[in-house]
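Beneath this line is the structure, given in structure tokens, with notes to follow.
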Amino acid sequence: MSKDFSTQFKWLEDELNATDPKMPVLVMSHIPILTALLMIEDNIVNKWTMLGGDMHTDTAKIISLFYKHPNVKLCLSGHLHMRDKVVYNNVTYICNGAVSGAWWNGNRRETAPGYGLIDLFADGSFSESYVNYL
Numbered sequence: 009m010s011k012d013f014s015t016q017f018k019w020l021e022d023e024l025n026a027t028d029p030k031m032p033v034l035v036m037s038h039i040p041i042l043t044a045l046l047m048i049e050d051n052i053v054n055k056w057t058m059l060g061g062d063m064h065t066d067t068a069k070i071i072s073l074f075y076k077h078p079n080v081k082l083c084l085s086g087h088l089h090m091r092d093k094v095v096y097n098n099v100t101y102i103c104n105g106a107v108s109g110a111w112w113n114g115n116r117r118e119t120a121p122g123y124g125l126i127d128l129f130a131d132g133s134f135s136e137s138y139v140n141y142l
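Residue numbering for the sequence shown follows our numbering, starting at 9 and increasing by one per position.
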């Protein structure tokens with residue numbers, strides 16, 4: 009896996025710069041930009057390592073970019089097959105589960121197989137819920 013995301017970051021930066029600051033923005037990525045789920049891995053205490061495939065390795069850079077664009081309201085991801093919601097600097101980061109749960113073997117930790125349902129509104133607000141698949 010390449011660790012150089014400079015091309016993708018430049019694209020995101022250009023898109024945000026070209027977007028009307030009054031237009032609410034939702035960013036989608038497969039891998040979470042920011043998540044608390046990595047803190048609940050077994051035996052994590054005193055290790056505190058993050059695999060580059062579990063969360064963006066350029067999180068600090070992306071968050072700094074979002075700070076310059078307060079119209080970024082919501083970031084959606086999946087990948088980890090678990091659900092969490094983190095709010096940081098007025099941006100909500102939601103990692104939704106997966107209908108396959110733990111790869112068709114029930115729950116992934118405490119997250120049941122399912123999907124996120126998001127309603128977006130013109131003022132940049134949103135509502136969200138998680139729908140159990142089974």
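Built from N, CA and C at the ideal position, the CB exists for glycine as well.
So what's residue 43 in DSSP terms, helix, strand or just coil? coil
Nonlocal neighbours in the same chain, by C-beta distance under 8 angstroms from residue 17, ignoring five residues either side: Excluding residues within five positions, the ones whose Cβ falls inside 8 angstroms are 66, 69, 70, 73.
Limits of the alpha helix (DSSP H) - the one that residue 17 falls within: Here the alpha helix (DSSP H) through residue 17 covers 14 to 26.
Quick one: residues in its chain with C-beta nearer than 6 angstroms to the C-beta of residue 34, no 5 flanking neighbours on either side, listed in chain order? The beta carbon of residue 34 sits closer than 6 angstroms to those of 82, all from its chain and outside the five residues before and after it, given in chain order.
DSSP has residue 92 in a bridge; who is on the other side? 103
Let me know if residue 15 comes out buried or exposed under the rule of 16 or more other beta-carbons within 10 Å of its beta-carbon. exposed
Local Cβ density within 10 Å of residue 26, reported as buried at 16 or more and exposed below that: exposed
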